[in-house]
Amino acid sequence: MAEATQAPVVEEVKNCPACKKPLKKARRFYRNGAYYCNNNCFKKVQATAKEAANEAAGKAAENSSKTSQA
Ligand SMILES: [Zn+2]
Numbered sequence: 097m098a099e100a101t102q103a104p105v106v107e108e109v110k111n112c113p114a115c116k117k118p119l120k121k122a123r124r125f126y127r128n129g130a131y132y133c134n135n136n137c138f139k140k141v142q143a144t145a146k147e148a149a150n151e152a153a154g155k156a157a158e159n160s161s162k163t164s165q166a
């Protein structure tokens, strides 16, 4: 007898962007469009993102002040 072929159900395992641990479905923590393993990891990523943004903004400001001075 022929049974309908079922596509194998592959559970998507994502990794936490902060600590790179694989996230299991029941334990993941959803924040701001991404999954983390807990609030601590979310804050960690937020902090690094903020730092990077500040650095970029600082560089841009530095460049503009340099050009206006010269
Ligand atoms: Zn994590």
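Okay, so the sequence shown: first residue is 97 according to this note's numbering, each after it adds one.
Virtual Cβ for every residue (Gly too), placed ideally from N, Cα, C.
None of the values given here were measured: they were computed from a predicted structure.
Closer than 7 Å: residue i CB and nearest ligand 1 heavy atom
| i | result |
| --- | --- |
| Y132 | yes |
| A152 | no |
| K117 | yes |
| A122 | no |
Reduced DSSP secondary structure (H/G/I, E/B, other) of residue i
| i | result |
| --- | --- |
| K110 | strand |
| A130 | strand |
Sequence-distant residues of its chain with Cβ nearer than 7 Å to residue i (five each side left out)
| i | result |
| --- | --- |
| K140 | A114 |
Cβ neighbours of residue i in the same chain (closer than 6 Å, five flanking residues each side left out)
| i | result |
| --- | --- |
| V109 | P118 |
Q. Counting pairs of Cβ atoms below 8 Å between the stretch 144–152 and the stretch 117–136, do you hit three or more?
A. Contact fails: fewer than three Cβ-Cβ distances are below 8 Å.
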